[in-house]
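Visitor: Take a look at this one; I'll ask things after.
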Amino acid sequence: PQGLRFNQPAGHLEAHESLPEAAIRETLEESAYHFAPHHLVGIYRWHAPESDTTYLRFAFCGKLTGQEPERALDTGIVRAVWLTPDEIRSNLARHRSPLVLRCLEDYLAGKRYPLDLLVHYD
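523 is the number of the first residue of the sequence shown in our numbering; add one for each residue after it.
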């Protein structure tokens, strides 16, 4: 399907950046919200057949600590939207990947791992 897609903030690591730091930066760049990660929800591997690309996602949960409503979002991001779990489940065709729902379901199931599981060497 074409058109706008739903996804959680996501992106790539920058040089010398830890995974939690990347989550903080990507959330701000793609939603204009400041995010403080508290736990890792899961690590997910997905192969996108249409692009023959394999993705490795680290999903975090935490707290929003502020917002910059006038901040310009990354290219390709229209806006941040807040949906209920039922709204997310009812829009499967608009998900960027199956990981959108899987990460939500794992979060709702209470999956939480300490951030110190992630070791960053520079």
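Glycine included, C-beta positions come from ideal geometry on N, C-alpha and C.
Note that the coordinates shown come from a computational prediction; the quantities given were computed from them, not determined experimentally.
Would you check if the segment 568-575 and the segment 588-600 touch, i.e. whether three or more CB-CB distances between them fall below 8 Å?
Guide: Short answer: they don't touch.
Visitor: Rounding to the nearest angstrom, what Cα-Cα distance links residue 634 and residue 608 in this structure?
Guide: C-alpha separation (whole angstroms): 21 Å.
Visitor: By the 10 Å Cβ neighbour count, where 16 or more other Cβ atoms means buried, how is residue 550 classified, buried or exposed?
Guide: Burial call: buried.
Visitor: Could you give the residue range of the beta strand (DSSP E) that holds residue 643?
Guide: Where residue 643 is concerned, there is no enclosing beta strand (DSSP E), given that its DSSP letter is neither H nor E.
Visitor: Quick check: the segment 529-540 against the segment 619-632, are at least 3 beta-carbon pairs closer than 8 Å?
Guide: Judged by Cβ distances under 8 Å, the segment 619-632 makes contact with the segment 529-540, as three or more pairs qualify.
Visitor: Considering residue 607, what are the terminal residues of the beta strand (DSSP E) in which it resides?
Guide: First-last for residue 607: 607-611, but that is the alpha helix (DSSP H), not the beta strand (DSSP E).
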